[in-house]
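First comes the structure, then the notes that go with it.
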């Protein structure tokens, strides 16, 4: 059985490790604390905090510039799990989830590709990938 990795900024990984250490050091944790410890251990076992290669591949951990059908300006965002990325206060760019309809559609595509996905209200949106660069912090 393979475990899917979960990308997060290195600073978020450090915060989760620190939180786990604090919680695990409690002599008699309550049920909620024990559940949080389990969640943290699972997340950390899947954690990937490396800088992605600059190869144009769209994957979590990349800063994406895309043109959505009907828009006149490109959209720039980080592809990653919002709750994990939000742990890093230096992230100053919108975050789109890899599990969202658009995230699922664009993962695995490359710069120059155009993909489409269906929104929850059943409309089809085309997305042209203009850039995909490793996220290294900030904007």
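In full-length UniProt numbering, the protein residues as written are 1 to 139. From the three backbone atoms N, C-alpha and C, an ideal C-beta is built for every residue, glycine too. Remember, predicted model here, so these are calculated numbers, not experimental data.
The beta carbon of residue 96 sits closer than 7 Å to those of 77, 79, 102 and 103, all from its chain and outside the five residues before and after it, given in chain order. Exposed is the label assigned to residue 110, since fewer than 16 other Cβ atoms lie within 10 Å of its Cβ. Boundaries for residue 62: no alpha helix (DSSP H) harbours it, while the beta strand (DSSP E) harbouring it runs 62-68, taken from the DSSP string.
Look at residue 134 here: in three-state DSSP terms it is strand. In the three-state reduction of the DSSP assignment, residue 26 falls in the coil class, being assigned neither a helical nor a strand state.
Residue 16 counts as buried, since no fewer than 16 other beta carbons sit within 10 angstroms of its beta carbon. Within its own chain, the residues whose Cβ lies closer than 7 Å to the Cβ of residue 26, once the five positions on either side in sequence are excluded, are 33, listed in chain order. The alpha-carbon of residue 73 is positioned some 20 Å away from that of residue 123.
Ranked by Cα distance from residue 4, the first of 43, 113, 22 and 132 is 43.
Taking the Cα positions, residue 92 is about 15 Å away from residue 65. Scanning its chain for C-beta atoms nearer than 7 Å, with the 5 sequence neighbours on each side dropped, one finds around residue 108 the residues 58, in chain order.
Taking the Cα positions, residue 137 is about 22 Å away from residue 100.
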